[in-house]
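Just so you know, we're using the numbering used here here: the sequence shown kicks off at 228 and counts up by one. Here is the structure we will look at.
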Amino acid sequence: MDLSYISKNIEKILKEIPDYVKLVAVVKNRTIDEIKECVNSGVKLLGINYVQEAEKIFSYFKESTEFHMIGHLQKNKINKAIKIFDMIQSIDSFETVLEINKRLMNSGRKMPILVEVNIAKEESKKGIHPENLAHFIDQISNFDKIEIMGIMTIGPKTENLELKRKYFKMARALYEDLLRLNIKNSNIKYLSMGMSDDYKIAIDEGSNMIRIGRKIFSK
Ligand SMILES: *Cc1c(COP(=O)(O)O)cnc(C)c1O
């Protein structure tokens with residue numbers, strides 16, 4: 228099967244985005260061959276929604292790529308998750324952080340994380356509401372097996388691009404607040420926002436990490 232459209236898609240995206248923007252390939256429901264084509268085209272960051280999905284592909288790609296969790300992490304999957312993931316972008320509760328920290332206690336590792344922010348406070352989405360972010364970060368900064376690296380957000384479900392822009396601006400402002408603070412156990416450097424339909428606006432508004440699925444893997 229000819230999968231060369233994947234490398235063409237990637238080439239096109241990489242040409243459009245500034246060098247400082249990291250491209251995460253979101254591999255949900257993709258085959259090993261599709262993901263191989265993607266990795267061989269130079270995208271070494273894989274975004275994964277479920278621990279089970281990560282387990283299926285881990286042995287193929289663990290040497291050559293980084294695995295980023297981008298979906299809700301269930302409590303009963305934390306042990307597996309900390310073995311597989313290089314970063315968890317979808318931190319949405321205190322208990323999850325507490326458990327990750329506990330399980331890494333006797334290891335030499337820290338887990339890099341992003342806090343998921345539910346920027347438009349949508350019922351359908353997980354994530355910390357913007358007004359609670361400062362307090363949330365303050366609480367989790369006490370865990371020394373956690374490295375807080377920034378925030379992740381998903382643009383609101385709307386066709387209205389100006390409305391999206393407004394929320395991306397809000398997310399950027401939150402990110403800049405974090406940059407200014409002196410937070411324990413942190414190394415703030417990622418604002419992960421922007422998907423296939425809105426990554427250009429997200430980058431305009433300050434994103435430095437985009438998570439792309441369909442634009443990479445669709446013909
Ligand atoms: C699916 C998904 C993406 C990628 O979405 P596309 O529209 O296919 O680019 C990005 N982030 C998260 C959290 C996702 O679940």
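Positions of the beta carbon are idealized from the N, C-alpha and C atoms, including for glycine. Bear in mind the structure is a predicted one, so any value in this text is a computation, not a measurement.
Item to check | Neighbourhood of R257 by C-beta distance below 7 Å, restricted to the same chain and skipping five residues each side | outcome: F444
Checklist entry - Under the three-state reduction of DSSP, which class applies to K352: helix, strand or coil? => result coil
Item to check | Near ligand 1: V270 beta-carbon under 8 Å from a heavy atom | outcome: no
Checklist entry - Nearest to K353 by alpha carbon, out of M332, G298 and N328? => result Checking every option, the nearest Cα to that of K353 belongs to G298.
Next on the checklist: Just checking N276 against ligand 1 - is the residue's beta carbon closer than 8 Å to any of the ligand's heavy atoms?
Outcome noted: yes
Checklist entry - Taking the runs of the beta strand (DSSP E) that are 3 residues or longer, which of them lie wholly in the stretch 250 to 278? => result 272 to 275
Next on the checklist: Following a CB-centred definition, is G440 positioned closer than 8 Å to any heavy atom of ligand 1?
Outcome noted: yes
Checklist entry - For L408, which of helix, strand or coil comes out of DSSP? => result coil
Checklist entry - Just to check, is the beta-carbon of S317 closer than 8 Å to a non-hydrogen atom of ligand 1? => result yes
Next on the checklist: Give me, in chain order, the residues of the same chain whose beta-carbon lies closer than 6 Å to that of Y426; leave out the 5 immediate sequence neighbours on both sides.
Outcome noted: If we look at Y426 and ignore the five residues flanking it on each side, its Cβ neighbours are I437.
Checklist entry - Does the beta-carbon of F321 have 16 or more other beta-carbons within 10 angstroms, so that it is buried, or is it exposed? => result exposed
Item to check | Residue from F370, A252, K391 and L360 whose Cα sits closest to the Cα of E403 | outcome: Nearest of F370, A252, K391 and L360 to E403, Cα basis: L360.
Item to check | Given 8 Å, three or more beta-carbon pairs between the stretch 365 to 375 and the stretch 344 to 351 | outcome: Verdict: no, contact absent.
Checklist entry - Is the closest heavy atom of ligand 1 to the C-beta of K393 under 8 Å? => result no
Checklist entry - With DSSP run on the structure shown, which of helix, strand or coil describes M397? => result Helix at M397.
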